[in-house]
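The structure appears below as structure tokens.
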Ligand code: NDP
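In this note's numbering, the protein residues as written are 36 to 484.
Pasting the structure below:
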């Protein structure tokens, strides 16, 4: 049996109740086949694939907190420190009721390769909780974040593991967590990224994932003789990544016509009004239906069921899934192809199912997975770490131009890696190979550990 298949079998047998983790490992290992086959004897002897698919450690803990009625609530907290071969663990904290060990492990595993692609010295990890921030008061959010950090603080540090935001964790939550860390550890250090600008945050971090997605998409289009100017774009989600992706796409001359949240989606053929979007989502923290209520050109559609991803049925040139995992399935991919989509670039982590990815690739769509396309967020987090280490802050322009350089560099790195192994245009394989090669070189150099 091929080494990749053997390890895939082992991963499935060891983690039978972790479908998202198995999905991520299957996608990565399958695309690494040419590299693994070229080095099979060496990798087998050193158990490279067994080691790279097993986290360094997985921490699970109780998070008790008191709600506004005086009732004690209990959530479960997670931190998976996956691989620190090229730098301290780095990856966000997800607060969402769907969070479980499988989801945190899949995200931590993907993060290893993504962080490697940024060319910056950061390893991979991820954390979170099944806590649902929706409908909670600021006071409840603070109590939760303080309790979460009370336990997490034992395992993280500026040179050990540096968490950041993710779904449900924005500037407010990072602020509460940073305050608690500082109090417990008595250390003012860059232990979290995505911090507020008055206490060590980096300019352009808020915009980074969405902007970075567009810098990469623009380079992809350019290398195929196209530009962003005049293109129509479908975006899903309406959180941090979606908002700044929409803003940058429109600055580049494209028109963004859709957005979504977990209860519905909007179609705005005149192009999203970014100021209104920010007012609804960032200031009022309201549902997208309020955007549609305030804008004549927009239609609001309730989500019929979990498989209703209406935004992918709209005819567009470019699709940017920016909400969550597995939100673009085979039917959605078929609808996009039938409508002539040219490019799909993932702002979210693993939003496209394996079948949908294969369908898009087989039908000539330029498809760039999240590991490469959304790496701008973590890259800018690493720039925040650099600024914290030197106790300086760089200007917005300086950070933004570094981000752009990194994203353009990532596009060419994944393009070159795919070509090197005879898979021209397969950017998924290119990203996995380019990310993997650097991590494996470091693992081998550091001995069996
Ligand atoms: P936010 O919490 O800011 O926004 C998430 C958006 O996705 C919201 O509109 C949310 O709708 C929607 N959403 C979340 N879960 C579901 C679901 N189960 N079904 C339908 N819609 C859902 O998160 P981010 O924008 O930060 O993150 C979005 C994606 O990008 C995630 O996959 C994240 O891992 C990834 N990412 C984020 C980075 C960052 O820097 N923030 C960096 C790299 C990747 P609702 O409000 O209704 O829940």
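Note that beta-carbon positions come from the ideal geometry of N, C-alpha and C, so glycine has one too. The structure displayed is predicted, hence computed values, not measured ones.
Measure the C-alpha to C-alpha separation of residue 312 and residue 278 and round it to an integer number of angstroms.
Looking at the backbone, the Cα of residue 312 and that of residue 278 are separated by about 8 Å.
Put residue 436 into one of helix, strand or coil per three-state DSSP.
Three-state result, residue 436: helix.
Count Cβ pairs between the region 115-122 and the region 152-169 that sit closer than 8 Å; are there 3 or more?
Contact check between the region 115-122 and the region 152-169: three or more CB pairs, one atom from each, fall below 8 Å, which counts as touching.
From the DSSP output, in three-state form, read off residue 259 for me.
Residue 259: coil per DSSP, three-state reduction.
Classify residue 259: buried if its beta carbon has 16 or more other beta carbons within 10 angstroms, exposed otherwise.
It counts as exposed.
Pick helix, strand or coil for residue 334, following the three-state DSSP scheme.
In this structure, residue 334 counts as strand in the three-state DSSP scheme.
Closest by CA to residue 293, which one among 223, 333 and 407?
Checking every option, the nearest Cα to that of residue 293 belongs to 333.
Could you tell me if the beta carbon of residue 215 falls within a distance shorter than 8 Å of some heavy atom in ligand 1?
No, the beta carbon of residue 215 sits no closer than 8 Å to any heavy atom of ligand 1.
Between the alpha carbons of residue 187 and residue 217, how many angstroms are there, rounded?
Whole-angstrom Cα-Cα distance: 12 Å.
Would you kindly check if the distance between the Cβ of residue 84 and the Cβ of residue 39 is under 9 Å?
It is a contact, given that the beta carbons lie within the stated cut-off.
Candidates 379, 389 and 432: closest to residue 255 by CA position
Of 379, 389 and 432, the smallest CA-CA separation from residue 255 is found for 379.
Closest Cα partner of residue 95 within the set 477, 440 and 164
Minimum Cα distance to residue 95 is reached at 164.
Is the CB-CB distance between residue 228 and residue 240 below 9 Å?
Cβ atoms of residue 228 and residue 240: closer than 9 Å.
Nearest to residue 319 by CA position, among 282, 112, 274 and 432, is which residue?
For residue 319, the closest alpha carbon among the candidates 282, 112, 274 and 432 is that of 274.
Which word fits residue 484, buried or exposed, when buried means at least 16 other C-beta atoms lie within 10 angstroms of its C-beta?
When all chains shown are included, residue 484 counts as exposed.
Rounded to a whole number of angstroms, what is the C-alpha to C-alpha distance between residue 199 and residue 172?
Distance between the alpha carbons of residue 199 and residue 172: 22 Å.
The beta strand (DSSP E) enclosing residue 99, as first and last residue numbers:
Note, residue 99: beta strand (DSSP E), 92-101.
Closer than 8 Å is the cut-off here; do at least three beta carbon pairs connect the region 330-346 with the region 299-316?
By the C-beta criterion, the region 330-346 is judged to be in contact with the region 299-316, since at least 3 inter-stretch pairs fall below 8 Å.
Would residue 387 pass as a contact of residue 202 if the rule is Cβ separation under 9 Å?
Taking 9 Å as the Cβ cut-off, residue 387 and residue 202 do not qualify as a contacting pair.
On a Cα-Cα basis, can you pick out the residue from 469, 446 and 223 that is closest to residue 456?
Selection 469, 446 and 223 evaluated against residue 456 yields 469 as nearest (Cα-Cα).
Would you list the one or two residues that DSSP bridges to residue 295?
BP columns for residue 295 point to 300.
Could you check which residue in 377, 375, 381 and 344 has the C-alpha nearest to that of residue 365?
Comparing Cα positions, the closest option is 344.
Taking the alpha carbon of residue 131 as the point to measure from, which residue in 102, 167 and 243 has its own alpha carbon closest?
If we check each option's Cα against that of residue 131, 167 comes out closest.
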